[in-house]
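Trainee:
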Ligand code: NCD
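In our numbering, the protein residues as written are 301 to 622.
1) With burial defined as no fewer than 16 other Cβ atoms inside 10 Å of the residue's Cβ, what is the status of residue 626: buried or exposed?
2) Tell me whether the stretch 383-399 and the stretch 413-430 touch, counting them as touching only if at least three CB pairs, one residue from each stretch, are closer than 8 Å.
3) Under DSSP, the alpha helix (DSSP H) around residue 453 begins and ends at which residues?
4) Nearest-angstrom Cα distance between residue 478 and residue 381?
5) Figure out for me which residue from 406, 364, 520 and 512 has the closest Cα to the Cα of residue 429.
6) Distance check for residue 613 and residue 538, CA to CA, integer angstroms please.
7) Assuming residue 587 contacts residue 556 (C-beta within less than 8 Å), just tell me the rounded distance between them.
8) Look up residue 345 in the DSSP assignment and say whether it is helix, strand or coil.
9) Can you grab the Cα-Cα spacing for the pair residue 369 / residue 324, in whole Å?
10) Quick check: does the Cβ of residue 444 come within less than 6 Å of any heavy atom belonging to the ligand NCD?
11) Is residue 345 buried or exposed, if buried means 16 or more other CB atoms sit within 10 Å of its CB?
12) Looking at C-alpha atoms only, which residue of 310, 390, 303 and 326 is the closest neighbour of residue 488?
13) Rounded to whole angstroms, what is the Cα-Cα separation between residue 319 and residue 610?
14) Would you check if there are 3 or more beta carbon pairs closer than 8 Å linking the stretch 495-502 to the stretch 564-572?
15) Check whether the stretch 327-346 touches the stretch 542-558, counting contact only when three or more Cβ pairs, one atom from each stretch, lie closer than 8 Å.
16) So, is residue 608 buried or exposed, given that buried needs 16 or more other C-beta atoms within 10 angstroms?
17) List the whole-angstrom C-beta distance separating residue 505 from residue 535, where the pair is believed to meet the contact cut-off of C-beta under 8 Å.
18) Go ahead and pull the three-state DSSP assignment for residue 557.
19) Suppose only complete runs of 3+ residues qualify. What are the beta strand (DSSP E) ranges in the stretch 528-616, listed by chain order?
20) For residue 441, verify whether its CB is less than 6 Å away from any heavy atom of the ligand NCD.
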């Protein structure tokens with residue numbers, strides 16, 4: 301068993317051994333949940349724990365999958381999804397709010413529109429007597445580590461008969477500058493051998509230099525292109541993302557010719573037969589719903605995997621025995 305896990309703030313702490321272990325726990329929990337006895341065992345495993353879901357930025361999947369992951373494990377949940385209904389509206393500081401949550405619960409799962417707040421909450425916890433783990437469920441345009449974990453699980457299991465992620469060529473397409481899912485997934489790639497990344501984006505939405513620097517340091521092979529057609533034929537996976545237009549300053553997303561970065565039945569013909577198409581969702585026009593029925597489209601499976609990987613993560617954080 302790999303070492304303990306406490307705060308989950310950014311993906312770089314996840315080493316191969318821990319990633320493999322989390323994927324295995326995900327499979328075990330999933331299999332258990334299929335029988336009544338197994339589901340009862342899961343439900344008893346963390347029934348003495350309570351979680352705070354503090355989501356002050358929009359969320360459907362991450363919130364619901366964490367919420368349901370907690371319930372599968374018997375963890376009681378409380379939530380704040382709008383700072384306007386918490387004492388922050390009365391001027392309570394972020395630090396005092398987090399400290400308050402920690403008085404009542406055993407883990408704080410949080411998403412904020414600002415970057416850096418999950419890490420600030422973790423630093424605060426490390427200074428107070430009732431130290432509870434902080435899980436970053438999305439920190440502004442910066443990081444989304446638990447999405448990266450479920451993406452790794454989806455990739456590993458999609459390539460199960462073909463040696464897993466090692467040796468694969470993975471395309472990442474869309475708004476790579478502001479999309480935190482791709483940024484977090486890139487950080488995990490150093491754990492796999494001979495991976496090639498192909499970044500496909502409009503010129504103004506290219507992957508940022510901090511990620512490129514990290515990839516170069518870890519000797520991860522990557523190329524950048526503005527033309528999807530050149531890349532599709534060589535890919536084992538295509539990870540599509542939406543334009544993150546909520547960060548636009550002057551409608552810059554609207555100037556992109558999205559047709560060049562979207563896939564439909566025609567583009568699917570250029571992808572190899574054994575390739576997979578992923579998307580963190582929610583989708584915009586970048587994936588035609590007609591693609592959903594193609595067996596290579598795995599984004600709905602990926603979405604379901606999210607809940608089970610979050611079950612595994614909570615099991616690991618609390619050291620529960622299955
Ligand atoms: C992503 C996010 O919030 O970063 N959604 C998710 O958590 N599945 C992707 C996105 O919003 O584009």
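All C-beta atoms, glycine included, are put in the ideal place defined by N, C-alpha and C.
Please read these numbers as outputs of a predicted model, since none were measured by experiment.
Mentor: In brief:
1) The structure shown does not extend to residue 626, since the chain is modelled only from 301 through 622, so no value can be given for it.
2) yes
3) As a working mapping, residue 453 is identified with position 153 in the chain shown. That run of the alpha helix (DSSP H) goes 445-458.
4) The residue labelled residue 478 in the question sits at position 178 within the chain shown. The residue labelled residue 381 in the question sits at position 81 within the chain shown. In a straight line, the C-alpha of residue 478 is about 23 Å away from that of residue 381.
5) Within the chain shown, residue 429 is the residue found at index 129, counting from 1. Cα-wise, what sits closest to residue 429 is 406.
6) One-based indexing of the chain shown puts residue 538 at position 238. One-based indexing of the chain shown puts residue 613 at position 313. Cα to Cα, the separation comes out at about 25 Å.
7) Taking the first residue of the chain shown as position 1, residue 587 is located at position 287. Taking the first residue of the chain shown as position 1, residue 556 is located at position 256. Not quite, the Cβ-Cβ distance comes to about 16 Å (not below 8 Å), so this is no contact.
8) Numbered from its first residue, the chain shown carries residue 345 at position 45. In this structure, residue 345 counts as helix in the three-state DSSP scheme.
9) Within the chain shown, residue 369 is the residue found at index 69, counting from 1. Within the chain shown, residue 324 is the residue found at index 24, counting from 1. Cα to Cα, residue 369 sits roughly 16 Å from residue 324.
10) For the purposes of this step, residue 444 is taken as the residue at position 144 of the chain shown. Under cutoff, so the answer is yes.
11) Position 45 of the chain shown, counting from 1, holds the residue named residue 345. Burial call: buried.
12) Locating residue 488 in the chain shown gives position 188, counting from the first residue. For the residues 310, 390, 303 and 326, the minimum Cα distance to residue 488 belongs to 310.
13) Residue numbering aside, residue 319 sits at position 19 when the chain shown is read from its first letter. Residue numbering aside, residue 610 sits at position 310 when the chain shown is read from its first letter. One alpha carbon belongs to residue 319, the other to residue 610, and they sit about 13 Å apart.
14) Contact between the stretch 495-502 and the stretch 564-572 is absent: fewer than 3 CB-CB pairs across the two stretches fall below 8 Å.
15) no
16) Residue 608 sits at position 308 when you count from the first residue of the chain shown. Residue 608 should be labelled buried.
17) As a first step, residue 505 must be located in the chain shown, where it is residue number 205. As a first step, residue 535 must be located in the chain shown, where it is residue number 235. With a Cβ gap of about 19 Å, residue 505 and residue 535 do not count as contacting.
18) Position 257 of the chain shown holds residue 557. In the structure shown, residue 557 falls within a coil segment according to DSSP collapsed to helix, strand and coil.
19) 537-540 and 576-578
20) Taking the first residue of the chain shown as position 1, residue 441 is located at position 141. No.
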